[in-house]
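A.B. asks:
Residue numbers (my numbering): 83 to 198.
1. How do the stretch 84-94 and the stretch 155-174 stand: do at least 3 beta-carbon pairs fall below 8 Å, yes or no?
2. Could you give the first and the last residue of the continuous beta strand (DSSP E) run that contains residue 189?
3. Sort out for me which residues DSSP pairs residue 94 with in a bridge.
4. If you measure between the beta carbons of residue 141 and residue 128, is that distance less than 8 Å?
5. Assuming residue 160 and residue 122 form a contact by the criterion Cβ under 8 Å, report the distance between their Cβ atoms to the nearest whole angstrom.
6. At the level of alpha carbons, what is the spacing between residue 131 and residue 181?
7. On the three-state DSSP scale, how would you describe residue 154?
8. Which one of 179, 173, 184, 191 has the shortest CA to CA distance from residue 105?
Below, the structure is given as structure tokens:
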């Protein structure tokens, strides 16, 4: 029974996050503890090369969702996320090391806490 309960818990943990999702301080913990080997951060930019903001990011994620979902399905051990780059610029620059936008970052291993 314990093995079955652990299997069910692991299944719920793995499936509670979307194939492609927006990451924020509200759900960062769930990604951090998801058991994924890595996060693929998709960081969009506006037309001038500055980090996008919420609606722009969501619109671009929707425009690219077919490709991003394909990556997520082909690599289930990696969670594919996009972020409101303007709202979380300090984290993106400080923790992910980004200076130019748009960008893709594959973050492996321990993740530091995302601040608002």
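C-beta atoms are modelled at their ideal positions from N, C-alpha and C, and glycine is treated no differently.
Nothing here was measured: the structure is a model prediction, and the numbers come from that model.
C.D. replies: With the given structure in hand:
1. Touching, no.
2. Within the chain shown, residue 189 is the residue found at index 107, counting from 1. Here the beta strand (DSSP E) through residue 189 covers 185-190.
3. Within the chain shown, the letter at position 12 stands for residue 94. Answer by DSSP bridge pairing: none, since residue 94 is not bridged.
4. Within the chain shown, the letter at position 59 stands for residue 141. Within the chain shown, the letter at position 46 stands for residue 128. Against a cut-off of 8 Å, the Cβ pair of residue 128 and residue 141 comes out as no contact.
5. Mapped onto the chain shown, residue 160 falls at position 78. Mapped onto the chain shown, residue 122 falls at position 40. Correct: roughly 5 Å between the Cβ atoms.
6. Locating residue 131 in the chain shown gives position 49, counting from the first residue. Locating residue 181 in the chain shown gives position 99, counting from the first residue. The alpha-carbon atoms of residue 131 and residue 181 are separated by roughly 10 Å.
7. Residue mapping note: residue 154 aligns to position 72 of the chain shown, counting from 1. DSSP places residue 154 in helix when its eight states are reduced to three.
8. Here the question's residue 105 lines up with position 23 in the chain shown. Measuring from the Cα of residue 105, the nearest candidate turns out to be 173.
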